[in-house]
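Residue numbers (this note's numbering): 2 to 145.
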């Protein structure tokens, strides 16, 4: 099966699949690592799905995220290199988190901002601010 490959990092947080996108060096992997760590520390289920590349498979009205076999269970973290990560083989996509420069952000964005490509909710947050963004993502997931 030849699935489309997208640049980003994916995880399951609780019961929601999250796909983090943004330019290279914007903090995608760091954010996912901190989200998984925060959820795990709170005894909430959390696992990586993929880092850097994510295959998307359309199944009826949903998209399913998969890791390429060559990088499954691995993540590249700034200043640490390649690390092993507990991961799932696949997960349904529920939220796209887009890391953008501060100048591109709206202080009061539309509540129903959608990722047109996957027809799921999208949250735009500032890049390279993982410590702040963890709370923003977890709060947004509560509304799904």
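Built from N, CA and C at the ideal position, the CB exists for glycine as well. Just so we're clear, the structure is a prediction, and the values are computed from it rather than from any experiment.
Let me check one thing: in DSSP terms, what residues is residue 75 bridge-paired to? 85
Which residue wins for smallest C-alpha separation from residue 136, given the options 52, 37, 5 and 68? 37
Could you give the distance in angstroms between the alpha-carbon of residue 5 and the alpha-carbon of residue 50? 16 Å
Candidates 20, 145 and 139: closest to residue 43 by CA position: 139
Which residue or residues does DSSP assign as beta-bridge partners of residue 102? According to DSSP, residue 102 bridges with nothing at all.
Once DSSP output is grouped into helix, strand and coil, what is the label at residue 134? helix
Is the beta carbon of residue 131 less than 8 Å from the beta carbon of residue 31? yes
For residue 29, three-class secondary structure by DSSP: helix
Answer yes or no: do residue 96 and residue 129 have a C-beta to C-beta separation smaller than 8 Å? no
Among 74, 64, 8 and 3, which has the Cα closest to the Cα of residue 26? 8
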